[in-house]
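For reference, the structure discussed in these notes is given below.
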Amino acid sequence: MPTDPVCKMEISEDTAEATVDYKGRTYYFCSEACKESFVKNPESFLRKTA
Ligand SMILES: [Zn+2]
């Protein structure tokens with residue numbers, strides 16, 4: 426199950442409120458607010474999860 430990289434919530438692909446394609450991967454978000462946070466600074470969230 427994918428995880429929202431901003432808030433770490435587990436998201437179903439079917440119920441995700443927002444998705445972003447970044448560097449060939451699709452990220453799923455629980456809300457538009459989380460998506461916007463990610464889009465503003467994707468690397469900061471990806472570094473934390475790596
Ligand atoms: Zn979220």
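Residues in the sequence shown are numbered consecutively from 426, following this note's numbering.
Quick reminder that beta carbons are idealized off the backbone N, C-alpha and C, glycines included.
Asked                                                                              : Found
Beta-carbon proximity list for Ala475, same chain, < 6 Å, skipping 5 on both sides : Interpretation of Ala475 is limited by its pLDDT of 49, a score under 50 that renders its predicted location unreliable; the figure taken from the coordinates is listed afterwards. If we look at Ala475 and ignore the five residues flanking it on each side, it has no Cβ neighbours.
Proximity test, Met434 beta-carbon vs ligand 1 heavy atom, cut-off 6 Å             : yes
Collapsed DSSP secondary structure at Val464 in the structure displayed            : helix
beta-carbon Val464 near ligand 1 non-hydrogen atom, thresh 6 Å                     : no
Chain B contact for Val431 (CB, 7 Å cutoff)                                        : No chain B appears in the structure shown, which is made up of a single protein chain.
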